[in-house]
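Peer 1:
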Amino acid sequence: MNVLLADTSTQILSIALLTENTYEERLIDGNFSHSEDLLPEIEALIKRSCIKLQDLELLIVAKGPGSFTGLRIGMASMKGLASALAIPLVSVPTLDAISEVVGIYPGAILSVIDAKKKRFYLSMKKNGETIIPDRDGNAEDVIPYLKKEEMPVLVTGPDALLFCENIAKIDEAIALRPDPEAPRNIAKALLALGLEKYRTKGPDDIGEGPVYIRRSDAEEALEKRMMERKENEKEKHSEV
Numbered sequence: 001m002n003v004l005l006a007d008t009s010t011q012i013l014s015i016a017l018l019t020e021n022t023y024e025e026r027l028i029d030g031n032f033s034h035s036e037d038l039l040p041e042i043e044a045l046i047k048r049s050c051i052k053l054q055d056l057e058l059l060i061v062a063k064g065p066g067s068f069t070g071l072r073i074g075m076a077s078m079k080g081l082a083s084a085l086a087i088p089l090v091s092v093p094t095l096d097a098i099s100e101v102v103g104i105y106p107g108a109i110l111s112v113i114d115a116k117k118k119r120f121y122l123s124m125k126k127n128g129e130t131i132i133p134d135r136d137g138n139a140e141d142v143i144p145y146l147k148k149e150e151m152p153v154l155v156t157g158p159d160a161l162l163f164c165e166n167i168a169k170i171d172e173a174i175a176l177r178p179d180p181e182a183p184r185n186i187a188k189a190l191l192a193l194g195l196e197k198y199r200t201k202g203p204d205d206i207g208e209g210p211v212y213i214r215r216s217d218a219e220e221a222l223e224k225r226m227m228e229r230k231e232n233e234k235e236k237h238s239e240v
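Per full-length UniProt numbering, the very first residue in the sequence shown carries number 1; after that it's consecutive.
(1) Is it buried or exposed for residue 243, if we count other Cβ within 10 angstroms and need 16 for buried?
(2) DSSP three-state label for Arg-214, please.
(3) Output needed for Ser-14: all residues of its chain with C-beta closer than 6 Å, excluding positions within five of it in sequence on either side, in chain order.
(4) Would a C-beta distance cut-off of 9 Å place Ile-60 and Tyr-198 closer than the cut-off?
(5) Using the three-state DSSP reduction, which class does Ala-221 fall into: helix, strand or coil?
(6) Starting from Pro-178, follow its DSSP beta bridges and name the residues at the other end.
(7) Can you look up Asp-29 in the DSSP assignment and give me helix, strand or coil?
(8) Roughly how many whole angstroms lie between the Cα atoms of Asp-55 and Asn-2?
(9) To the nearest angstrom, how far is it from the Cα of Tyr-121 to the Cα of Ser-111?
(10) To the nearest angstrom, how far is the alpha carbon of Arg-177 from that of Phe-163?
(11) Suppose you measure from the CA of Pro-152 to the CA of Asp-179; what does that come to, to the nearest Å?
(12) So what does Phe-163 bridge to, in DSSP terms?
(13) Just list the residues that DSSP pairs Leu-13 with in beta bridges.
(14) Taking the beta carbon of Ala-97 as the centre, do at least 16 other beta carbons fall within 10 Å, making it buried, or is it exposed?
(15) Could you check what DSSP says for Ala-76 in three-state terms: helix, strand or coil?
(16) Can you tell me the Cα-Cα spacing of Lys-148 and Glu-43, whole angstroms?
(17) Between the alpha carbons of Lys-117 and Leu-195, how many angstroms are there, rounded?
(18) Please classify Ser-99: does DSSP put it in a helix, a strand, or coil?
(19) Taking only the alpha-carbon atoms, compute the straight-line gap between Gly-70 and Ala-76 and give it to the nearest angstrom.
(20) Could you pull out every residue in the same chain whose Cβ sits closer than 8 Å to the Cβ of Asn-138, ignoring the five residues on either side in sequence?
(21) So, at 8 Å on beta carbons, what are the nonlocal neighbours of Asn-185 in its own chain, with the 5 sequence-adjacent residues on each side left out?
(22) State the DSSP-derived secondary structure class of Tyr-145, mapped to helix, strand or coil.
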């Protein structure tokens, strides 16, 4: 099966191509220049393979959470390809792929992505069971979960060290194990999860989009302006 996948949820662009005979992947740390890099890199990857674009049979994309702009670019580009080629598309939660690539660990695994504003996109799993579902929170929010674990929690993801530094500033007594191989390449984990999802659940609905978890800065600013407008209107009415 010829499968193309892309992850644009962090600053590192990851793409990979699986064919009947080969597997090739590319990592590009372009500091979120995915709008410029994604399609040219896909074209170059296809050219180096033994297939044509029209030979693709399945597309897999990371659905977030992560960079708002990156997720929109990745989802829109892969949806466009799926529509043009009339082939199925499957999306996979980014944090699931991050934890999956770690493999076997006897304790809990905490996957983190920097969400800016001193917050993180994170999830925590242990022996395949979800302890903290995908969420947006600060380091302090996770401390009660960390203290419940008998052995150090493995912290992984592109921003594992930043998260551990945040915890150390709050409580140095909390033992964490930063993933020594973070940030890992999640392409193969994304591929495995995507193929399994396609096999068991089929392709995504055309209306399915990225998972942002929290609102964008523009949405928050709009809500703030609307709230201020309502307050101003209340004040005007009270003066009458």
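We treat Cβ as the ideally placed atom computed from N, Cα and C, and that holds for glycine. A quick note: this is a predicted structure, and the numbers were derived from the prediction, not measured.
Peer 2: The structure says:
(1) Because the chain in this structure spans residues 1 to 240, residue 243 falls outside the shown range and cannot be described.
(2) coil
(3) Asp-7, Leu-27 and Ala-187
(4) yes
(5) Annotation note: pLDDT 49 at Ala-221 (below 50); position unreliable, no value reported.
(6) Val-155
(7) strand
(8) 7 Å
(9) 8 Å
(10) 11 Å
(11) 11 Å
(12) In the DSSP output, where bridge partners are listed per residue, Phe-163 has none listed.
(13) Ile-28
(14) buried
(15) helix
(16) 48 Å
(17) 35 Å
(18) helix
(19) 10 Å
(20) Lys-118, Arg-119, Phe-120 and Asn-166
(21) Ser-14, Glu-25, Leu-27 and Val-101
(22) helix
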